[in-house]
Every structure is written in C-alpha cells, then in structure tokens.
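**Q**
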Amino acid sequence: MTPVGEPATQEVLSLDDLNAAVGLRTGRKHVLAILVENKPGVLTRITGLFARRGFNIDTLAVGPTDDETVSRITLTLDGAVAPIDQVTKQLHKLVNVLKIRDLDPGEMLARELAMFKVSADGAARAEVMQICEIFRAKVVDVTKRSLVLEVTGTCDKVDAFEALVRPFGLIEMARTGEIAISRGRAET
Amino acid sequence: MRAVDALMECLKAEGVDVVFGLPGGANLPTYDAFYDAGIRHILVRHEAGGGHAAEGYAKATGKVGVSLGTSGPGATNLVTPICDAMMDSVPLVFLTGQVQTHLLGTDGFQEADTIGITMPIVKHSFMIRHPLEIPRTLHEAFHIARSGRPGPVVVDIPSDLSRADIPYEPVSDVHLPGYQPTTDGNQKQIRLAAKALANARRPVIYAGGGVVDAASELRELATADRFPVTCTLMGLGSFPAPHEQWLGMLGMHGTRTANYAMDEADLIVAIGARFDDRITGKISEFAPRAKFIHIDIDPAEISKNVPAHIPIVGDARNILPRLTTEYRALSADRSRLEEWWSRIATWQERHPLRYEDTDDGEIKPQYMIQALYEATGGAAIVTSDVGQHQMWAAQFYDFPMPRRWINSGGLGTMGFGLPAAMGAQVGCPDQTVVCIAGDGSVQMNMQELATCAQEGIPIKVFIMNNGYLGMVRQWQELFWDRRYSHVDMGQWPDFVKVADAYGATGMRLRDKDTLVRDMRAALATPGPVLVDVRVTREENTYPMIPAGQAARDMVG
Ligand SMILES: Cc1ncc(C[n+]2csc(CCOP(=O)(O)OP(=O)(O)O)c2C)c(N)n1
Ligand SMILES: [Mg+2]
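Protein sequence lines correspond, in order, to chains A and B.
Each residue of the first sequence is one higher than the last, beginning at 1 in the numbering used here.
Each residue of the second sequence is one higher than the last, beginning at 189 in the numbering used here.
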C-alpha cells in the first residue's frame, strides 16, 4: 500500500492500492491463551459462542492462575477452518473475557499431558518400555497384562508417541489438550 | 433496607421513569417495592408485549428500556424481545425473577434456567448470588446495555435474595475490566479514509442502525461533497428523506437506484451497518468493484461478512466529524462526481418506486402508506410489524429524522409493532405514534390494546389488512409455484369488534377516495384506535432482490 501522506497534501492515493486488511483464514494451528474472570458460567459463554458461530475447538484446557479471581483457558483451533480474527473479536465481546493472546508459534512453549493404557506382556513389554525411554515417558501403573504410560510434550510429540504404542494394543487414552506460555521474561 | 428497595433506588439513579412488566411468584418482592417506589410501572398483558414496549421506548427515546417478568414462563416469554433487542442493538435491561436459591437446580415450580436459555441472545447477563450484589450489578447492567454497541442485559434475581435486608449505599462507579468499548477512531485510519474518499469517483455512503445518534454528523460528511447516501432498514431517518443526495433504502426491497449504486460503486463507506444478507444478497457478487471503509463501534462486525479495506473502530459521533474535517482539508475536486451523479440520475428517472394504482376505489397497500404520510404530515413516530406492510412503509413513508421509524429488522418479529408503539408513546407522550400493522402480525400481541386502554396510551394502529400472511404468500407465489400453503387468514377476526372489546376505538376503512380524511379522523380520535384498512389482497412488494441473488438480478 502506498504510504499515507500528511493531511491536506494533494498526493493521490489510488483506490487500487487499498488492500483488505484481513485474510479470513490463516491456514495454521493457533493457540489462544485467554484470561477470564473466574465466575460461574464463563466457560459456557465461551463454548456456547464457539458452537453458535460454528467455530471448531480442537483442544481446551482450563485452570487457575496466580490470581484467584482469574482463570486461564488455553484453546487450540485450526486457522484453516476457523476465521481466527473473527474468533478473537467475538471472544473479546464477552464481558468476562479479560485478555486474549494468540500465541506466536515461534515464541511459545506448549505442553500436553497424556496417559495411555496399553496391553503389553512378555516381549512386548520391553519394547514399550524402550519407546518410553526415547520419549521420556513414565510407566505409572503395571499389571500382568497392561501398562499405564504418562507422557508430556507438544501435541505433535504426543501424537507420535501414540502412533508408536497403539500397535501394542491401546486399551484407552486420556489427553489434556495443550497449555502454553510465551518464552522469555514478558508476561503472556 | 430490603434489596428490592435498593433496586428501586438504583433504577431511579439510572433515570428510569417507566418500566413494563407483569408480576408472579418469584418477583413478588420486586412488585411489593414497586407499590410505592414512585416509578411508573405499566402492567402489560403478556411479557413479550412488555419487552417489545421497552424496545419501542428505547428506540424512540434513546434511553435504556426496562422490562420485567417472573421466573419460568415469565422469563421464557421474554426470550423473543431479548433476541430482538440483541439483533437490533437496543439498550434494554430485563429483570427476571428466579426461584429461591435453595430450589435452584431442583426443577422447582416455575424454575427455568433463564441465564442459560438467554445466553446466546444477550449482550451480557448476571445471575444474582448474594443480595449485596444487587445494586452494583444493576448499575453494571445499565452501563453495559447503553454503552458501546447497545444491547439487552438480563439480571436474574432469586426471590429470597431480593427480599433480604442489605445496607444500601449508592454506587457511583462500575468496575468491568473486561468491558472497554473503543469509541475514539484511529486518526491514521480516518486520514486514510479521507484520502480514499477524495480519490473515489463513484462513492456511496451506506449507513445502518448504528448511525441514529450521529445523523447531523452524517449529513455534514455527506454534504462536504455530493456523496450519495443510502440507509438500511434500521438506519432510515438518519439521513433526511427526501434529499437530493438520498438514494432511498438499499437491500432486498430497496430502491433500484440504491442497489445499482452499490453495485457500481468504487468506494463504499459503511457506517454502523453490518452487511446483513438482506443487504448483500449473493455475497460473492456484492459490490464487486468497491473498496470498503467500515466504521463501526463493534470491531467484530468489521470484516465479518465483507473484508474491509479501511477499518475504523469507534463511535460514529466521534469519527464522522473528524473524517469530514480531514476530507475538507483535501479540497478534492467536486466535479469528479458529476459523471457518477448523471449515472445515478438515470436510474432515479428510469426506476422510481412505483406501483399500479387502480381507479375502482380499491386501496392499494402502497397508497395506504402514502395516505398515512399525508394524514400525519410525515411527522409521526411510526412503528411496524413484519411483512409486506413493513417494506412498503419503509419505501413509501419518508423519515426526516432518526428514531421516527421503529421496526424489528434483524429478527423480523411479527407482533413487534403494537407494543413497540405503546412503549414509544409512553416515552414520547407529545408525539403522534402510529403503528403500521399487518393483519397477521397484529394478532400476535393485540392483547396490549387492553394496556393502552387502561393506561390511556393513545396509539393509532393502522392494520394493512390483506387477509394474508402476505409476505409468505408473495414468496409462495414467486418461488413456490403459487402453492398458497397456509397463508390465508380469511376474514378473522373482526378487528372493529376486537377494538371495542378492548376499550379502544375501532374503525374500518375501505374507500380510497376518503382515505386520507378518514385517517385524519382516526388520528384525531382520543385514546387508542385500531383501524382496519382493507387493501388489495394479492399485491407484491417490489422491487426485490430474490434471496441469494445479486443487485443486478432485481425483479419487479
Ligand atoms: C413470529 C414470526 N413468525 C413467522 C414469521 C414469518 N413471516 C414473515 S412475514 C409473515 C407474514 C406476516 O403477515 P402480516 O402481518 O399480515 O403482514 P403482510 O405481509 O400481510 O403485510 C410471516 C408469517 C415471522 N417473521 N415472525
Ligand atoms: Mg397480511
């Protein structure tokens, strides 16, 4: 876009130079850190907004913050499907939403906790434990025919871990969805 | 003091002079307080009537309307007005009774999850959990309802909390850290917008309901050059009609001139408007050559439906004068718009709003509106219901100033007109308030005639009686092979008798030749009047952009 001159100058700005500011779809995954008032019904307002406007949530994690009147929601969504700009603007309209950060992928640390129950006996067991070691996963429960494994990491790492242990016989799994925080000294 | 007495003090502190409501078990304490609070309470006959009356009051006066209902069915009856107010950004506070706290969640008698039911259709809502919260919450509710983009706020009050004793201290400030609407437009953006305007050869100003309180600022901007202006259904009156720069309403039943101008524009300045599908039609073919300046107090409206090239978030009252100043400073060449105006003039000449009148004394619906315009001298506050009559009213009644045209735009709520007229009349006792009603719509809230009779609210309701759910019949005629499925309402009811039964004056008009005179007589009749005007049964509202089509595809 041509630079904007001082007012009252006669410099011509062609309308052709104007571009619509907003791309509707970014095409990448977004992690939103949302600070909300810790009041009844706030989560319902947020999930209701998503459902009503047809925005798809991939994962959602809610927890307390250092301030007991404030909760932190980490929400991940796919920018190829959801119009992120519109999502954050609509969220901002909720009176109980205090702050929203669309975390910069290069500048954030994201972690998810997952637990997998796999059937593993005999030789399989050793193999599973080897995978655990590579992923720094922990065995938190053992029976004759099963193991419960705990792993933390980015969503991608957990996905990779899941893909590797699944063939051994995945009985069930539980994942928290990601939480995230920005790198460095500055507050998210 | 009882919490409900504190509540009355808060209402007074907010400048509330009238509320519309209906009592029940869960709001008995509140009603006890109303007994001698010195605030006018109007007892409606259905909560929906009360809600729409509060809307009419708010739309006519610009003040916050207040409406009350009890728990359960009282609250669910308010759902339609709440949603209506949300869609049209009307500042309202709804006070609903709730069952006692120990019954919450037990499916107690008349328990409904009012907060849950209304969550998607409120600007905000509050559930009172402690009697001490009542005063502050009430002020927060008013603040949220009237500031930024206005809207409805629900306050749900369990009956045991409302009768509790609390120490009351007036609240002087509200603390809402998550709610800070932007009102000041960005100067750089305003400057850029001025430049864009100076370079536009085919500009159009497209103003919506968000501009009703910036009408003189809008006129200043428009007349800083010869910018053509069109308004949405919600914005009518914000630019004075008639006016040489006025193109008429745009959208599905807008003028051809307004829609063609949007279609060929190179720059569109949207002010307090939201690119609703009734405006854009087929969005991929909407204003294909235009760049957009979008001015709105709600950032979420910008680039929601149509991507903006120059977004400006803020209050039109703040932004428009600055934009006008910046524009004037550029001293743009006025002659650059001459070609555009001659193009517009061709459309205006070729496609004025028109209809085929008859000479057999039959009243054409369009003529009925023109007659009413003449009978009222164009000086009335006009409310309407939803349907063909609403569109004809919007087309054929010229509104010289804002807050004179009160209708349900976003939600399209049949039954809005009569109670809204009642509320507008209460808010503006010295004005003539007329309702242009549909014979179908009016039956949805006709019970409020009793309220008008009892309270001496002298609204004049003119029913455009075509015996049909006319707009639906029109769609069936045009798009469903004339298969008139369940749209014929025949001769029922006898509106003159209905008026009589309610203690209003009833009249029936069928004669075109005396219509204006008869309407004047109705307007001069004291008290509420219900006029049954018999019009051509099968007449279509034209022109029309069929749903999902483009401005170029206008028919009729
Ligand atoms: C509550 C409600 N129900 C249904 C509709 C759908 N609808 C839109 S216009 C219309 C016909 C209204 O008939 P009438 O009030 O007689 O107006 P006319 O179109 O005949 O002027 C209907 C049923 C609506 N808008 N609102
Ligand atoms: Mg009808």
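Each residue gets a CB set at the ideal place from its N, CA and C atoms; glycine is no exception.
#1: What's the call for glutamate 107 of chain A, buried or exposed, on a 16-neighbour Cβ count within 10 Å?
#2: Contact defined as beta carbons within less than 8 Å: I believe threonine 724 of chain B pairs with proline 553 of chain B. What is the distance between those atoms, to the nearest angstrom?
#3: Distance check for leucine 364 of chain B and arginine 390 of chain B, CA to CA, integer angstroms please.
#4: What does histidine 674 of chain B touch in chain A if you count any residue whose Cβ is under 7 Å from its own?
#5: What in chain A is Cβ-close to asparagine 387 of chain B, meaning under 8 Å?
#6: How many angstroms separate the CA atom of valine 142 of chain A from the CA atom of lysine 39 of chain A?
#7: With 16 other CB atoms within 10 Å as the buried threshold, where does leucine 91 of chain A fall?
#8: Run the Cβ filter for me: residues under 6 Å from any heavy atom of ligand 1, listed in the order they occur in the chain.
#9: Straight-line CA distance for aspartate 348 of chain B to threonine 289 of chain B?
#10: How about asparagine 595 of chain B and alanine 236 of chain B: are their beta carbons less than 8 Å apart?
#11: Give me the chain A residues within the contact set of methionine 274 of chain B, using Cβ-Cβ distance strictly less than 7 Å, ordered along the chain.
#12: Can you find a C-beta in chain B that's less than 8 Å from the C-beta of aspartate 199 of chain A?
#13: Is it buried or exposed, glycine 293 of chain B, if we count other Cβ atoms within 10 angstroms and call 16 or more buried?
#14: Excluding the 5 residues flanking methionine 189 of chain B on each side, which residues of the same chain have their C-beta closer than 6 Å to its C-beta?
#15: So what's valine 165 of chain A in DSSP terms, helix, strand or just coil?
#16: With DSSP as the reference, label threonine 76 of chain A as helix, strand or coil.
#17: Spatial neighbours of glutamine 536 of chain B within its chain, please: C-beta separation below 6 Å, excluding the five flanking residues on both sides.
#18: Can you give the Cα-Cα distance for isoleucine 498 of chain B and lysine 376 of chain B, rounded to whole angstroms?
#19: Compare the Cα-Cα distances from glutamate 150 of chain A to each of A/Glu68, A/Ala180, A/Arg175, A/Leu77 and report the closest residue.
#20: So isoleucine 230 of chain B packs on phenylalanine 208 of chain B, CB below 8 Å; how close in whole Å?
#21: Could you tell me whether the segment 58-70 of chain A touches the segment 267-281 of chain B, where touching means 3 or more Cβ pairs closer than 8 Å?
#22: Considering only residues of the segment 506-553 of chain B, which uninterrupted beta strand (DSSP E) runs meet the minimum length of 3 residues and lie entirely inside it, listed in chain order?
#23: Please go through the same chain and pick out, in chain order, the residues whose beta-carbon is closer than 7 Å to the beta-carbon of histidine 263 of chain B, but skip the five residues on each side of it.
#24: On the DSSP bridge list, what partners appear for threonine 152 of chain A?
#25: Tell me whether proline 588 of chain B is buried or exposed, calling it buried when 16 or more other Cβ atoms sit within 10 Å of its Cβ.
#26: Take the Cβ of glycine 549 of chain B as the centre, count every other Cβ of all protein chains shown within 10 Å, and call the residue buried at 16 or more, exposed below.
#27: Would DSSP call alanine 739 of chain B helix, strand or coil?
#28: Which residues in chain B sit within 7 Å of glycine 106 of chain A, going by Cβ to Cβ distance?
#29: Could you check the C-alpha separation between alanine 214 of chain B and aspartate 193 of chain B for me, to the nearest Å?
#30: Could you tell me which uninterrupted beta strand (DSSP E) segments, each at least 3 residues in length, are contained entirely in the segment 682-727 of chain B, listed from first to last along the chain?
#31: Considering Cα atoms alone, identify which of A/Ile73, A/Asp67, A/Ala51 is closest to glycine 177 of chain A.
#32: Is the shortest distance between the beta-carbon of serine 332 of chain B and the beta-carbons of chain A less than 8 Å?
#33: Listed in chain order, which residues of the segment 304-320 of chain B have Cβ atoms closer than 9 Å to some Cβ of chain A?
#34: Is the beta carbon of histidine 312 of chain B closer than 8 Å to that of valine 95 of chain A?
#35: Taking Cβ positions only, does glycine 598 of chain B come closer than 8 Å to chain A?
**A** Well, looking at it:
#1: Within the first sequence, residue 107 of chain A is the residue found at index 107, counting from 1. Flag for glutamate 107 of chain A reads exposed.
#2: The residue you call residue 724 of chain B lines up with position 536 of the second sequence. The residue you call residue 553 of chain B lines up with position 365 of the second sequence. Going by Cβ atoms, the distance from threonine 724 of chain B to proline 553 of chain B rounds to 6 Å, so yes, they are a contact pair.
#3: Translated into the one-based positions of the second sequence, residue 390 of chain B becomes position 202. Translated into the one-based positions of the second sequence, residue 364 of chain B becomes position 176. C-alpha separation (whole angstroms): 43 Å.
#4: As a first step, residue 674 of chain B is located in the second sequence; it is residue number 486 there, counting from the start. Neighbours of histidine 674 of chain B on chain A: none; closest Cβ ~30 Å, over 7 Å.
#5: Within the second sequence, the letter at position 199 stands for residue 387 of chain B. Within 8 Å Cβ-Cβ: Val12, Leu13, Ser14, Leu15.
#6: Counting from 1 along the first sequence, the entry for residue 142 of chain A is found at position 142. Counting from 1 along the first sequence, the entry for residue 39 of chain A is found at position 39. One C-alpha to the other measures close to 40 Å.
#7: Here residue 91 of chain A corresponds to residue number 91 of the first sequence, with the count starting at 1. Buried.
#8: B/Asp573, B/Val574, B/Gly575, B/Gln576, B/His577, B/Gly600, B/Thr601, B/Met602, B/Gly626, B/Asp627, B/Gly628, B/Ser629, B/Met652, B/Asn654, B/Tyr656, B/Leu657, B/Gly658, B/Met659, B/Val660
#9: In the second sequence, the residue the question calls residue 348 of chain B occupies position 160. In the second sequence, the residue the question calls residue 289 of chain B occupies position 101. Approximately 7 Å, taken between the alpha carbons.
#10: Residue mapping note: residue 595 of chain B aligns to position 407 of the second sequence, counting from 1. Residue mapping note: residue 236 of chain B aligns to position 48 of the second sequence, counting from 1. For asparagine 595 of chain B and alanine 236 of chain B, no; Cβs fall outside 8 Å.
#11: Along the second sequence, one-based indexing puts residue 274 of chain B at 86. Chain A residues near methionine 274 of chain B: none, gap ~12 Å exceeds 7 Å.
#12: Chain A is shown from 1 up to 188; residue 199 of chain A falls before or after that span and cannot be answered.
#13: The count along the second sequence starts at 1 and reaches residue 293 of chain B at position 105. Under this definition glycine 293 of chain B is an exposed residue.
#14: If you number the second sequence from 1, residue 189 of chain B lands on position 1. Taken in chain order, the residues that qualify are Tyr356.
#15: Mapped onto the first sequence, residue 165 of chain A falls at position 165. Valine 165 of chain A falls in the helix class under three-state DSSP.
#16: Residue mapping note: residue 76 of chain A aligns to position 76 of the first sequence, counting from 1. Strand, per DSSP.
#17: Walking along the second sequence from the start, residue 536 of chain B turns up at place 348. Excluding sequence neighbours, glutamine 536 of chain B sits near Thr445.
#18: The residue you call residue 498 of chain B lines up with position 310 of the second sequence. The residue you call residue 376 of chain B lines up with position 188 of the second sequence. Spanning the two alpha carbons is a distance of roughly 10 Å.
#19: Locating residue 150 of chain A in the first sequence gives position 150, where the first residue counts as 1. Glutamate 150 of chain A has its Cα closest to that of A/Arg175, out of A/Glu68, A/Ala180, A/Arg175, A/Leu77.
#20: The count along the second sequence starts at 1 and reaches residue 230 of chain B at position 42. The count along the second sequence starts at 1 and reaches residue 208 of chain B at position 20. With 8 Å as the limit, isoleucine 230 of chain B and phenylalanine 208 of chain B qualify as a contact, their Cβ atoms being about 5 Å apart.
#21: no
#22: none
#23: Walking along the second sequence from the start, residue 263 of chain B turns up at place 75. Looking at the sequence itself, residue 263 of chain B is alanine, so the reference to histidine does not match. Once the five neighbours on either side are set aside, the close Cβ partners of alanine 263 of chain B are Gly257, Thr284, Ala300, Thr302.
#24: Position 152 of the first sequence, counted from the start, is the residue given in the question as residue 152 of chain A. Note: threonine 152 of chain A sits in a beta bridge opposite A/Leu113.
#25: Counted from its first residue, the second sequence places residue 588 of chain B at position 400. Proline 588 of chain B should be labelled exposed.
#26: Within the second sequence, residue 549 of chain B is the residue found at index 361, counting from 1. Result: exposed.
#27: Along the second sequence, read from residue 1 onward, the residue named residue 739 of chain B stands at position 551. The answer is helix: DSSP assigns alanine 739 of chain B an H, G or I state.
#28: Along the first sequence, read from residue 1 onward, the residue named residue 106 of chain A stands at position 106. Result: empty, since nearest Cβ-Cβ is about 26 Å, beyond 7 Å.
#29: As a first step, residue 214 of chain B is located in the second sequence; it is residue number 26 there, counting from the start. As a first step, residue 193 of chain B is located in the second sequence; it is residue number 5 there, counting from the start. Using only the alpha carbons, I get a separation of about 16 Å.
#30: 693-697, 717-722
#31: Here the question's residue 177 of chain A lines up with position 177 in the first sequence. Here the closest residue by C-alpha is A/Ile73.
#32: Here residue 332 of chain B is taken as the residue at index 144 of the second sequence, counted from 1. According to the sequence as given, residue 332 of chain B is isoleucine; it is not serine. Chain A contact via Cβ: present.
#33: Gly304, Met307, Pro308, Lys311, His312, Ser313, Met315, Arg317
#34: Taking the first sequence and counting its residues from 1, the one referred to as residue 95 of chain A is at position 95. Taking the second sequence and counting its residues from 1, the one referred to as residue 312 of chain B is at position 124. Yes, Cβ-Cβ distance for valine 95 of chain A and histidine 312 of chain B is below 8 Å.
#35: Counting from one through the second sequence, the residue named residue 598 of chain B turns up at place 410. No, glycine 598 of chain B does not count as interfacial toward chain A.
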